[in-house]
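Inspection log for the structure reproduced underneath, given as structure tokens.
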Amino acid sequence: MKRPLRSALRTAGAALFTTVAMAASALVGAAPASAAPAGLPGMDVSSWQGNVNWSAAWNNGARFAYVKATEGTGYTNPYFAQQYNGSYNVGMIRGSYHFARPDVSTGAAQADYFIAHGGGWSKDGKTLPGALDIEYNPYGATCYGLSQASMRNWIASFVNQYHTRTGRWATIYTTTDWWSTCTGNTSQFAANNPLWIARYSSSVGTLPAGWGVYSFWQWADSGTFPGDQNVWNGTLDRLKVLACNGTC
Numbered sequence: 729m730k731r732p733l734r735s736a737l738r739t740a741g742a743a744l745f746t747t748v749a750m751a752a753s754a755l756v757g758a759a760p761a762s763a764a765p766a767g768l769p770g771m772d773v774s775s776w777q778g779n780v781n782w783s784a785a786w787n788n789g790a791r792f793a794y795v796k797a798t799e800g801t802g803y804t805n806p807y808f809a810q811q812y813n814g815s816y817n818v819g820m821i822r823g824s825y826h827f828a829r830p831d832v833s834t835g836a837a838q839a840d841y842f843i844a845h846g847g848g849w850s851k852d853g854k855t856l857p858g859a860l861d862i863e864y865n866p867y868g869a870t871c872y873g874l875s876q877a878s879m880r881n882w883i884a885s886f887v888n889q890y891h892t893r894t895g896r897w898a899t900i901y902t903t904t905d906w907w908s909t910c911t912g913n914t915s916q917f918a919a920n921n922p923l924w925i926a927r928y929s930s931s932v933g934t935l936p937a938g939w940g941v942y943s944f945w946q947w948a949d950s951g952t953f954p955g956d957q958n959v960w961n962g963t964l965d966r967l968k969v970l971a972c973n974g975t976c
């Protein structure tokens, strides 16, 4: 995702080096995949990618994209319009994601900010439910200074507000290691929220509690497409069902 985790790897400095290195190690896994896993190919991008050549990505096989919209309640991706509209215009099914900052405001406040700045949903068959990117803190304590119970409450505040406002349950992007460490490996979101798992390895590994399968797998941070490399765990027709929340 060229998320703040990767920003931290570039710019954090000595004070954050140990924390970020541990986070990156947990994300990468034992051995990076040498080829794309089975599934429908896609990608995710942020401001790190700038203006994306969407026609080239489409011609190379990408059929969906997640685009960073916001972070906390004070950051918006300056390339969001080019990325979000550009992916749509070449035919991709696309959605937007929000990088969570549980240390700066409530989950509900961040859901509202996300929706106000590109994180909404429409039943057009081309828009995925918004995604909550909740993971290692690139700015400080791994769990943002929250207890496991407080983190569970924060996530619930976000996804419940998002559902109230849009009628959709947000996709949750995370790693198994972070989820176990910072939520106590809760299973409370698995019934409603699609899982987008990050693991740079030849296998997806153990999933967070409650999710028997993943919906999306971010399997590499570079490759054929700009940004991170992903697969949808199914066919294009099934991805359209997720986008439509049934049929359109």
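Numbering (the numbering used here), first residue to last: 729 to 976. Glycine included, C-beta positions come from ideal geometry on N, C-alpha and C.
Name the residue from the options whose alpha carbon lies nearest to the alpha carbon of residue i.
| i | options | result |
| --- | --- | --- |
| residue 863 | 890, 891 and 901 | 901 |
| residue 820 | 800, 836, 830 and 854 | 854 |
| residue 859 | 830, 914, 896 and 972 | 896 |
| residue 783 | 912, 817 and 934 | 817 |
| residue 809 | 778, 851 and 802 | 778 |
| residue 845 | 823, 942, 909 and 876 | 823 |
| residue 918 | 949, 851 and 940 | 940 |
| residue 813 | 830, 788, 878 and 780 | 780 |
| residue 766 | 965, 947 and 972 | 947 |
| residue 815 | 849, 773 and 847 | 773 |
| residue 763 | 974, 930, 965 and 916 | 930 |
Look up residue i in the DSSP assignment and say whether it is helix, strand or coil.
| i | result |
| --- | --- |
| residue 750 | Its pLDDT being 42, under 50, residue 750 is placed unreliably in this model, and the coordinates cannot settle the point. |
| residue 860 | strand |
| residue 842 | helix |
| residue 816 | helix |
| residue 824 | strand |
| residue 914 | coil |
| residue 802 | coil |
| residue 835 | helix |
| residue 902 | strand |
| residue 909 | helix |
For residue i, which residues of its own chain have a beta-carbon under 7 Å away from its beta-carbon, when the five flanking residues on both sides are left out?
| i | result |
| --- | --- |
| residue 771 | 785, 790, 793, 953, 954, 955, 956, 957 and 958 |
| residue 806 | 775 |
| residue 914 | 880 and 937 |
| residue 951 | 957 |
| residue 967 | 768, 792, 821 and 960 |
| residue 837 | 801 |
| residue 803 | none |
| residue 973 | 851 and 896 |
Closer than 6 Å by C-beta to residue i: which residues in its own chain qualify, once you throw out the five before and the five after it? Chain order, please.
| i | result |
| --- | --- |
| residue 893 | 843 |
| residue 835 | 882, 885 and 886 |
| residue 891 | 897 |
| residue 906 | 863 and 864 |
| residue 912 | 876 |
Which two residues bound the contiguous alpha helix (DSSP H) that contains residue i?
| i | result |
| --- | --- |
| residue 960 | Segment 956 to 960 is the beta strand (DSSP E) holding residue 960; no alpha helix (DSSP H) there. |
| residue 887 | 876 to 894 |
| residue 967 | 964 to 972 |
| residue 784 | 782 to 787 |
What residue range is occupied by the uninterrupted beta strand (DSSP E) comprising residue i?
| i | result |
| --- | --- |
| residue 796 | 792 to 799 |
| residue 924 | 923 to 926 |
| residue 945 | 944 to 948 |
| residue 872 | Element bounds for residue 872: n/a, residue is neither H nor E. |
| residue 772 | 768 to 773 |
Within the 8 Å Cβ cut-off, does residue i reach chain D?
| i | result |
| --- | --- |
| residue 881 | In the displayed structure, chain D is absent; only one protein chain is listed. |
How many whole angstroms separate the CB atoms of residue i and residue j, which I take to be in contact at a CB cut-off of 8 Å?
| i | j | result |
| --- | --- | --- |
| residue 800 | residue 832 | 5 Å |
| residue 963 | residue 927 | Actually they are not in contact, since the Cβ atoms of residue 963 and residue 927 sit about 22 Å apart, beyond 8 Å. |
| residue 932 | residue 945 | 5 Å |
| residue 841 | residue 796 | No, residue 841 and residue 796 are not in contact; Cβ-Cβ is about 13 Å, not under 8 Å. |
| residue 899 | residue 943 | 7 Å |
| residue 970 | residue 856 | 6 Å |
| residue 861 | residue 839 | That belief does not hold up - the Cβ atoms of residue 861 and residue 839 are roughly 13 Å apart, past 8 Å. |
Spatial neighbours of residue i within its chain, please: CB distance less than 8 Å, with the 5 preceding and 5 following residues excluded, ordered by chain position.
| i | result |
| --- | --- |
| residue 976 | 851, 852, 853 and 968 |
| residue 922 | 857, 897, 899, 900, 943, 944 and 970 |
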